[in-house]
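Below is one structure, written out as structure tokens, with a few remarks after it.
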Amino acid sequence: FGQEFYIQKKEQRDAKIINGEYAVVNMWHPVAANLEKIHKEGKTYDWRFYPIFVNELDPSVQSETIQSFPLTTKWNSKAINPKKVSEDMIPQILHWMDWNYSLEAASLRAWGTPDMYTGEGMERRYKPEYSKVEQYMLVGKQDETGDGWYYGLQGPDNTMKNPEVYGLAMADEMGYVYAPSVVYPFSESNYNQENLVNTAWQQHNLKTMSLYAELPVDDETLKAKAEFETVATDLNNNLISPHNDELDNLIVRAITGPVDKFDSNFKDYTDVLSSPDIADGIIKEKEAWMKYYKLRANFFKELD
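Using the UniProt record's numbering, read the sequence shown as starting at 1 and increasing by one per residue.
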């Protein structure tokens, strides 16, 4: 890297990526949206994805043959303003929130209304008159005269600006299994930089996967989750964190020390993590997790 790499502005970095000055870039940089521009300029280079790591295991299901799509919202709690919402309006608001947790709502967020597309499942495609929506959903190409944001749809990165559900449907939640980025076949001009690795993984394994929608849970499951989070927080904050500086120094000594002393130096590091109080905390965390996990399993709805 040149010295300017560490001090340049985001716009300067992006311009160099688009101009082909960097040979290797992260997948979230603005490549897909600029492919058309690059080809029009007669440039011959392109980008190829190289997935270094596989998808990490989803701890909520503990199986690589299971993929879940949460219909619930996790990031924000919801509050009702008593000065603007009367008592008789609350049932309607709760029904609105409940409907937004449905598969019907998830499909609407991901694709729009049924008149915008044809087919179902892996065969669904946008009609020609909605080509701007299609380009937005597949490669993130924006066009304020008729793209996905124009219609209030959930974007290719699972974020949205639809005022009807903004704050309820946020990033990486309330998704839809048959999203456009999953069902459309790959082509040279049709892929999304940010989703390509996950999409390729989904398409390749879809026939052997069990797909589930994550449904809202009951009070007992919420209580079990809260108990698990309390135990996990106690383990990390009160048992492990006080040793953080010590652990940092020990692992550095193990890595940078003489090779013939690595085993003994590394044992000093693991001895701290194996101390009785931390080991007991890990056992409590495991027990609390299994209680929550077993209850949570009752709220996965298998999809076709």
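Just so you know, even glycine gets a beta-carbon here, dropped at the ideal spot from N, CA and C.
Starting from residue i and walking both ways along the beta strand (DSSP E), at which residues does that stretch end?
{"i": "Ala213", "result": "210-214"}
{"i": "Glu302", "result": "300-302"}
Are the CB atoms of residue i and residue j nearer to each other than 9 angstroms?
{"i": "Tyr178", "j": "Glu302", "result": "no"}
{"i": "Thr118", "j": "Arg109", "result": "no"}
{"i": "Leu247", "j": "Tyr269", "result": "yes"}
{"i": "Pro180", "j": "Met137", "result": "yes"}
{"i": "Trp289", "j": "Ala226", "result": "no"}
{"i": "Ile18", "j": "Lys37", "result": "yes"}
{"i": "Trp111", "j": "Ala105", "result": "no"}
{"i": "Tyr151", "j": "Met116", "result": "yes"}
{"i": "Tyr292", "j": "Phe228", "result": "yes"}
{"i": "Asp143", "j": "Gln154", "result": "no"}
{"i": "Val139", "j": "Leu35", "result": "yes"}
Round the Cβ separation of residue i and residue j to the nearest angstrom and send it over; I've been treating them as touching at under 8 angstroms.
{"i": "Asp147", "j": "Lys132", "result": "5 angstroms"}
{"i": "Asp14", "j": "Pro30", "result": "5 angstroms"}
{"i": "Leu239", "j": "Asp277", "result": "6 angstroms"}
{"i": "Arg253", "j": "Asn244", "result": "About 15 angstroms separates the two Cβ atoms, so there is no contact after all."}
{"i": "Tyr176", "j": "Ser107", "result": "6 angstroms"}
Going by DSSP, name the residue or residues bridged to residue i.
{"i": "residue 316", "result": "Not covered by the structure: residue 316. The range shown for the chain is 1 to 304."}
Starting from residue i, trace the alpha helix (DSSP H) both ways and give me its first and last residue.
{"i": "Asp277", "result": "276-296"}
{"i": "His39", "result": "35-40"}
{"i": "Asp218", "result": "It is not in any alpha helix (DSSP H) - Asp218 carries neither H nor E in the DSSP assignment."}
{"i": "Ser107", "result": "103-111"}
{"i": "residue 307", "result": "Outside the displayed span of the chain (1 to 304) sits residue 307, for which this structure offers no information."}
{"i": "His95", "result": "90-100"}
{"i": "Asn244", "result": "244-256"}
{"i": "Ser131", "result": "131-139"}
{"i": "Asp14", "result": "10-18"}
{"i": "Pro30", "result": "Careful: Pro30 lies outside any alpha helix (DSSP H) and carries neither H nor E."}
{"i": "Val183", "result": "180-183"}
Chain B beta carbons: is any one of them nearer than 9 angstroms to that of residue i?
{"i": "Ser241", "result": "This model lacks chain B altogether, as it is built from one protein chain only."}
Does the pairing of the region 218-226 with the region 283-298 give three or more beta-carbon distances under 8 angstroms? yes
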